[in-house]
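Please read the structure below before turning to the comments.
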Amino acid sequence: MSHRVAVHRKEHFNAAHRLHNPEWTDKVNQKVFGKCNNPNYHGHNYELVVKVIGDPDPHTGYVMDMKHLSDLIKKHVIDKFDHKNLNLDTEEFSLLNPTAENIAIVIHNILRAHIDTRLDLQVRLYETERNFVDYPV
Amino acid sequence: MIYLTRLEHFNAAHKLYNPNWSKEKNEKVFGACANENWHGHNFDLFVTVKGTPDPETGFVMDVKKLKDLIKEHVIKKVDHKNLNLDVDFLKGKMCSTENLAMGIWNQLKPHLSENVTLYCVKLYETPRIYVEYFGDTTNL
């Protein structure tokens with residue numbers, strides 16, 4: 091009998107970004123992205139919640155060792171994005187617009203490669219306390 | 009005497025970097041905060057005024073007026089901006105949370121009416137780091 095349980099790990103990072111589509115004129119970018127298009131960037135305290143779902147292991151009682159999950163997030167996500175400019179300092183967003191949606195997809199895909207395929211993975215990313223996204227849904 | 013607080017918030021980029029120092033020294037002192045291409049925060053700003061409630065309104069100050077003052081003289085200048093490059097009242101200053109709080113105080117102080125006193129500017133850089141400024145109290 092299955093007993094699926096979701097475990098969550100919270101982490102955070104601070105980064106600068108701007109929303110900009112290089113295929114559009116400055117005027118269109120300004121119109122679509124408003125103040126998020128500011129050429130000198132702005133920034134956020136991002137809160138990241140990583141959710142892993144599966145049956146607890148019969149030997150350990152764990153869905154996943156949370157220390158291991160924390161280390162994975164720190165090594166593959168936080169070290170890459172914390173105190174960085176997402177547009178300028180990361181290869182992931184050199185061509186991809188760093189919206190909260192795209193950041194969540196990128197983080198999910200990075201972590202997916204390091205987590206047992208028998209476990210489901212979902213990422214929630216808060217850009218501000220009031221704006222957050224979930225992926226996948 | 010009663011204290012009245014209004015909470016506002018803004019998002020901005022900045023870096024901690026002293027142009028009179030070498031890159032190595034900046035990185036040694038400011039660590040990740042010295043990142044050349046900036047990083048950013050969601051700032052939460054608490055502005056507290058103190059005074060005696062007006063007998064006719066019951067208000068220390070109309071809080072809508074306080075909100076409008078903060079928006080006009082602070083939020084419009086810093087929200088979705090680069091604190092080092094875009095903000096006139098921080099020109100030539102180090103963009104630490106301490107200096108930002110003092111700058112915000114100076115932005116607001118001249119616009120408050122005589123019957124209220126600006127008591128505190130409290131500024132959260134992250135949910136775990138904040139500063140409070142109570143004005144120049146050296147003469148107290």
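Quick mapping for you: the protein sequence lines, in order, are chains G and W. According to this note's numbering, the first sequence is numbered sequentially starting from 91. According to this note's numbering, the second sequence is numbered sequentially starting from 9. No residue lacks a Cβ here, since even glycine has one placed at the ideal position from N, Cα and C.
Apart from sequence neighbours up to five positions away, the residues of its chain that approach W/V86 with a beta-carbon distance below 7 Å are F18, A20 and V95, ordered along the chain.
Cβ contact annotation for W/R14 (same chain, cutoff 7 Å, sequence separation greater than five): V55, V71, L74, K75 and I78, in chain order. DSSP places G/R99 inside the beta strand (DSSP E), whose first and last residues are V95 to H107. Here G/L185 carries a coil assignment [DSSP, helix/strand/coil]. For W/A42, the number of other beta carbons within 10 angstroms of its own is at least 16, and it is reported as buried.
Annotation: the stretch 169-220 of chain G contains the following complete segments of the alpha helix (DSSP H) (minimum length 4 residues), in chain order: 176-179 and 190-202. Counting only Cβ-Cβ distances below 8 Å, G/L178 has contacts in chain W at N45, in chain order. Looking at G/L215, G/V223 and G/D179, the one whose alpha-carbon comes closest to that of W/N45 is G/D179. Listed along chain G, the residues sitting closer than 7 Å to W/C41 by beta-carbon distance are H173. Contact between G/G144 and G/R208 holds, since their C-beta atoms are separated by about 6 Å, short of 8 Å. Measuring C-alpha to C-alpha distances from W/Y25 to each of W/L116, W/E16 and W/G39 identifies W/G39 as the nearest. The continuous alpha helix (DSSP H) containing W/N34 extends over residues K31 to F38.
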